[in-house]
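Some notes on the structure that comes next.
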Amino acid sequence: MINYWVGYGAAVGRAIEEPGRVAYLTSVPHPLFNGAIVSAVHDGLEDFARVVGAALAKGRGPGMWWLSPPAVAAGAADRLVAVGLRDVGTVPAMTVDLRLLPPAADQPGLTIRQVESAEDRALWGELAARGTGFEEPAVRALAALEPLIPAARLDGQVRLLADYEGKAVATGALVISGGLAGAYAVSTLPEFRRRGIGRAITLHALQLGVAGGARTGFLQSSPMGFRVYESMGFREIFSYRLLQQG
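Mapping of the sequence shown onto the working numbering: residues 810 to 1055, in sequence order.
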């Protein structure tokens, strides 16, 4: 998860990496692309939050903080709420044994391809934003930002586009790290949903993970995708606590 999100901050020189926590601050006016991940609690958490808050105050809008269960158990949520952050719920983390993945179904008209060119990376950013429901300024910003991620930050990552009858309609991303294959940014344009495209691109990403040596699939699920992922064998193992800042 950290490897995926911090790349966006690195694209504009605003990735802050400290033991047990990272922050990523970008040009995309959406909380998902401006925030922090806390995996463990160390000294200086409140000071770290103030630094992130000051950056958010410079026109980036609100930011989203993701707290792991160990961080919550160590008091991170309470400490951050005490300095002004707001509790906004949880997001389930799900895993699957990649040996048990269902086979991909043949879908006429559907082609899944890896993103290679800067042009396709910009298209990927645009579609990921539109499929997630971003407003137009955030759509344009992510399309501009995606091609700027430094190559070193994309090590172990793959971006995927799904073309349906010749039109790019969905996105997905794979991050391989330590035996895990993480599926991210699974997003389908609204008019092409309920055709199994999101499921297909997720399976494709995870199968690439198997080829890369991963043993376990991992993702964070939206309410829309939860039942789909369960049908693929994913099970919830914990929840991230979400806080909003700004």
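All C-beta atoms in this analysis are idealised placements derived from N, C-alpha and C, irrespective of residue type, glycine included.
Judged by their CB atoms, Y817 and Y833 are nearer to each other than the 7 Å cut-off.
Pairwise C-beta distances place the segment 984-997 out of contact with the segment 879-897, as fewer than three of them are shorter than 8 Å. V892 counts as exposed, since fewer than 16 other beta carbons sit within 10 angstroms of its beta carbon.
Burial is judged here by how many other beta carbons sit within 10 angstroms of a residue's own beta carbon; T920 has fewer than 16 and is exposed. Closest in C-alpha terms to R823, from the list G934, K867 and F1027, comes K867. A Cβ-Cβ separation of about 5 Å places L876 in contact with V847 under the 8 Å criterion. Close CB contacts of L1012 within its chain, under the 6 Å cut and outside five residues either way in sequence, are with A913 (chain order).
Per DSSP, the unbroken beta strand (DSSP E) holding P901 starts and ends at R895 to D906. In the three-state DSSP reduction, S1040 falls in the helix class (H, G or I).
According to DSSP, A982 shares a beta bridge with R968 and Y993. From the listed residues L1017, A961 and V948, the smallest Cα separation to L969 is found for L1017.
Annotated three-state conformation of L1052 is strand, per DSSP.
Residue pairing for V847: DSSP places it in a beta bridge opposite R830 and L876. DSSP lists A971 as the beta-bridge partner residues of I921.
It is roughly 8 Å from the alpha-carbon of G884 to the alpha-carbon of V850.
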